[in-house]
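Chemist:
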Amino acid sequence: AKEVIPGENLNLLVGSKPLKDEKEEKIKKNILNILNELYGIKEEDFISSELSLVPAGEAREVGFDKSFILSYGHDDRICSYAALRGILDIDKPEKWAIVYLVDKEEIGSEGNTSAQSMFFEETLLKFVKDYSTLLSIYLKSSVLSGDVNAAFDPNYKEVFEPKNTAFINQGVVITKFTGSGGKYHSNDATAEYVGKVRKLFNEEKVVWQTGELGKVDEGGGGTVALFFARKGMDVIDCGPAVLSMHAPFEVASKGDLYATFHGYKVFLEKF
Numbered sequence: 017a018k019e020v021i022p023g024e025n026l027n028l029l030v031g032s033k034p035l036k037d038e039k040e041e042k043i044k045k046n047i048l049n050i051l052n053e054l055y056g057i058k059e060e061d062f063i064s065s066e067l068s069l070v071p072a073g074e075a076r077e078v079g080f081d082k083s084f085i086l087s088y089g090h091d092d093r094i095c096s097y098a099a100l101r102g103i104l105d106i107d108k109p110e111k112w113a114i115v116y117l118v119d120k121e122e123i124g125s126e127g128n129t130s131a132q133s134m135f136f137e138e139t140l141l142k143f144v145k146d147y148s149t150l151l152s153i154y155l156k157s158s159v160l161s162g163d164v165n166a167a168f169d170p171n172y173k174e175v176f177e178p179k180n181t182a183f184i185n186q187g188v189v190i191t192k193f194t195g196s197g198g199k200y201h202s203n204d205a206t207a208e209y210v211g212k213v214r215k216l217f218n219e220e221k222v223v224w225q226t227g228e229l230g231k232v233d234e235g236g237g238g239t240v241a242l243f244f245a246r247k248g249m250d251v252i253d254c255g256p257a258v259l260s261m262h263a264p265f266e267v268a269s270k271g272d273l274y275a276t277f278h279g280y281k282v283f284l285e286k287f
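Under my numbering, the letters of the sequence shown match residues 17 to 287, in that order.
#1: Between the segment 270-285 and the segment 228-247, are three or more C-beta pairs nearer than 8 angstroms?
#2: Going by the beta-carbon positions, is the gap between Met261 and Ala131 smaller than 7 angstroms?
#3: Taking 7 angstroms as the cut-off, decide whether the C-beta atoms of Gly248 and Leu155 are in contact.
#4: According to DSSP, what are the bridge partners of Gly162?
#5: For the beta strand (DSSP E) containing Ser152, name the first residue and the last one.
#6: DSSP state of Val213, grouped into three classes?
#7: Identify whether Ile50 lies in helix, strand or coil by the three-state DSSP scheme.
#8: Assuming Ser161 and Val251 make a contact with CB atoms under 8 angstroms, what is their CB distance in whole Å?
#9: Kindly list the residues whose CB is nearer than 8 angstroms to the CB of Gln186, restricted to its own chain and excluding five residues on each side of it in sequence; keep chain order.
#10: Can you tell which of Glu24, Leu26, Lys42 and Ser65 has the C-alpha that lies nearest to the C-alpha of Ser32?
#11: With distance defined between alpha-carbon atoms, name the residue in Ser83, Arg93 and Val213 nearest to Ile184.
#12: Which first and last residues belong to the alpha helix (DSSP H) in which Glu138 is found?
#13: When the Cα atoms are used, what is the spatial distance from Ser125 to Asp81?
#14: Between the Cα of Val267 and the Cα atoms of Pro22, Ser68, Ala75 and Tyr55, which residue gives the shortest distance?
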């Protein structure tokens, strides 16, 4: 994307009306006045603000059959929603079940709200006796890393390998490894763990598929899976396939959303 649109060209249209009786920066001062009236914001507040500039359009149904959902940020709000609904719908899990939602994945999971932060570890230490016990818990833990996969797009089929790609409306996607150039900088789930997840999904009639992130030398991507695998946990990526990943609006299937919720729920409840 940076080869098509340089980052410095990502400018916003915020207004064009000048403020009356002002000689300099008439439009800027008018916009600042509006922001102050609406939100109590002053110019200096921008120094300490954290802005998320996103498309203003609401999520909506797509297709004559209304089988798709068009929305900003399916990656990764769709997995977060499915996971939250999954754990809330569980009456009594067979084992300790956790849904952990983190920030900053798209910049490498850096920062104190990311998967690499100490928050998860520090929280668990409040429930166990010592660090040695926590390490033992890690080694006995199993994780689904909730993240989307790229659905095969016939308009750009040259970047996909059709025999090893995910398709929209074919169920939740199990992704054994991500990375780029093969498995570089990724988690690679063990064959045994993949088999256990597959067995559970089959027994519980979860609609699922497998898929990689594009051709070996052209595709690729990263998730939070490797950060939990480093602690000794069994981890595999699992989520719906979406069209136009990372575009201002992404397309997901209602059926895949349900399959993702179903897969997360049975995993949290019975794995």
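By construction, the Cβ of each residue, glycine as well, lies at the ideal position given by its N, Cα and C atoms.
Modeler: On the basis of the supplied data:
#1: no
#2: no
#3: yes
#4: Cys254
#5: First-last for Ser152: Tyr147 to Leu155, but that is the alpha helix (DSSP H), not the beta strand (DSSP E).
#6: helix
#7: helix
#8: 6 angstroms
#9: Val223, Gln225, Ala257 and Asp272
#10: Lys42
#11: Ser83
#12: Phe135 to Leu141
#13: 38 angstroms
#14: Ala75
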